[in-house]
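Report on the structure given below.
Residue numbers (this note's numbering): 47 to 275.
This is the structure we're talking about:
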């Protein structure tokens, strides 16, 4: 796929509809997943990396954990507050406040189901779209390991730039996936999910039900921290 080509049905909306992550949103999910995988990737061979080389995103569980933070802005804001308290960097508090100033916990929420290993979304349809367009290639680890990695093909990055030029509102996905990638670093999916399990609402959600929002609790925390600043 080359720049100037678009995935059908990716014209942006101001917000992803809450609680409607089912039929009709496959292309939106594919675009979100592409930004997460691409911006959370690393060189296949860091010692020989060159511009335009394929990159690799390590671990489907890591992808799920990062996707959760994109889809639940209130949990992301809480993670930013954790960093603010740990590092005393006011930019993290400002970013958390901006999430609530834009009412993202209400208008950007795209729910995920609580399953045996935490937040879950079947990504096969979105992944098949990206694979068909030559953006992402799933990789299975040799030797019986269960971890699934994803190779980000060279056309992915110019394609994302072209998509944003054609549909500027898609920059929100780029910016949000970039922020989540910065917070996640190269931590494993297990490490990220362990952190998410610390939230009682996430941990205690019955299997097969949608993980609830924590926006009221996070907003109260923002106000406390702002008053102390």
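All residues carry an ideal CB built from backbone N, CA and C; glycine is no exception.
Checklist entry - How many Å lie between residue 139 and residue 121 at the Cα? => result Position 93 of the chain shown, counted from the first residue, corresponds to residue 139. Position 75 of the chain shown, counted from the first residue, corresponds to residue 121. If you take the alpha carbons of residue 139 and residue 121, they lie about 14 Å apart.
Unbroken beta strand (DSSP E) runs of length 3 or more, entirely within the segment 97-171: which are they? 101-104, 159-161 and 164-166
With a 10 Å radius around its C-beta and 16 neighbouring C-beta atoms as the bar for buried, classify residue 246 as buried or exposed. As a working mapping, residue 246 is identified with position 200 in the chain shown. Exposed is the call here.
message = Do residue 182 and residue 196 have their beta-carbon atoms positioned less than 7 Å apart in this structure?
response = One-based indexing of the chain shown puts residue 196 at position 150. One-based indexing of the chain shown puts residue 182 at position 136. Yes. Within cutoff.
**Contact under 7 Å by Cβ, residue 76 with residue 216** = As a first step, residue 76 must be located in the chain shown, where it is residue number 30. As a first step, residue 216 must be located in the chain shown, where it is residue number 170. No.
For the pair the segment 107-121 and the segment 150-169, tell me if three or more CB-CB distances fall below 8 Å. yes
### Message
Once the 5 residues before and after residue 146 are set aside, which same chain residues still bring their CB inside 7 Å of it?
### Response
Position 100 of the chain shown, counted from the start, is the residue given in the question as residue 146. Excluding residues within five positions, the ones whose Cβ falls inside 7 Å are 123, 265 and 268.
Give the DSSP-derived three-state secondary structure of residue 183 in the structure shown. Position 137 of the chain shown, counting from 1, holds the residue named residue 183. In the structure shown, residue 183 sits in a strand (DSSP, three-state: E or B).
Worksheet item: Apart from the five residues just before and just after residue 220, which ones in its own chain have a Cβ nearer than 8 Å to its Cβ?
Response: Residue numbering aside, residue 220 sits at position 174 when the chain shown is read from its first letter. If we look at residue 220 and ignore the five residues flanking it on each side, its Cβ neighbours are 81, 85, 206 and 210.
* Asked: What are the partner residues of residue 240, as DSSP defines its beta bridges?
  -> Position 194 of the chain shown, counted from the start, is the residue given in the question as residue 240. According to DSSP, residue 240 bridges with nothing at all.
Thinking just about the alpha-carbon of each residue, which of 167, 202 and 144 is nearest to the one in residue 179?
Counted from its first residue, the chain shown places residue 179 at position 133. That would be 202, whose Cα lies nearest to the Cα of residue 179.
message = Here's the rule: buried if 16 or more other CB atoms are within 10 angstroms of the residue's CB, otherwise exposed. What is residue 229?
response = As a first step, residue 229 must be located in the chain shown, where it is residue number 183. So residue 229 counts as buried.
Which same chain residues, not among the five before or five after residue 256, have their C-beta less than 8 Å away from its C-beta? On the chain shown, position 210 is the one that residue 256 refers to. Same-chain partners within the cutoff: 65, 157, 158, 159 and 160.
Practice task
Would you mind working out which of 251, 244 and 253 sits nearest residue 128, comparing C-alpha positions?
Solution key: Locating residue 128 in the chain shown gives position 82, counting from the first residue. Among 251, 244 and 253, the Cα nearest to that of residue 128 is on 244.
Q | residue 89 in three-state terms, based on DSSP | A | Mapped onto the chain shown, residue 89 falls at position 43. Strand at residue 89.
Exercise. Three-state secondary structure (DSSP) at residue 262?
Worked result: Position 216 of the chain shown holds residue 262. Three-state DSSP puts residue 262 in a helix.
Original post:
Three-state secondary structure (DSSP) at residue 198?
Top reply: Here the question's residue 198 lines up with position 152 in the chain shown. Correct three-state label for residue 198: strand.
Buried or exposed by the 16-neighbour rule on C-beta atoms within 10 Å, applied to residue 68: For the purposes of this step, residue 68 is taken as residue 22 along the chain shown, with counting starting at 1. The pLDDT assigned to residue 68 is 46, lower than 50, so where the model puts this residue is not dependable, and the model offers no usable value.
Relative to the C-alpha of residue 113, which candidate in 250, 238 and 251 has its C-alpha closest?
One-based indexing of the chain shown puts residue 113 at position 67. Checking every option, the nearest Cα to that of residue 113 belongs to 238.
Practice task
Give me whichever residues DSSP pairs with residue 256 in a beta bridge.
Solution key: Reading the chain shown from its first residue, position 210 is the one you call residue 256. Paired residue(s): 159.
Exercise for the section: Could you check the C-alpha separation between residue 35 and residue 108 for me, to the nearest Å? Expected result: The structure shown does not extend to residue 35, since the chain spans only 47 to 275, so no value can be given for it.
Note down the Cα distance separating residue 130 from residue 136, rounded to an integer number of angstroms.
-> Reading the chain shown from its first residue, position 84 is the one you call residue 130. Reading the chain shown from its first residue, position 90 is the one you call residue 136. So the alpha carbons of these two residues sit roughly 6 Å apart.
- Item | Cβ-Cβ distance between residue 212 and residue 100 below 7 Å | Locating residue 212 in the chain shown gives position 166, where the first residue counts as 1. Locating residue 100 in the chain shown gives position 54, where the first residue counts as 1. Contact: no.
Next on the checklist: So the candidates are 223, 231 and 258; which of them puts its Cα closest to the Cα of residue 78?
Outcome noted: For this step, residue 78 is matched to residue 32 along the chain shown. The shortest C-alpha separation from residue 78 is found at 223.
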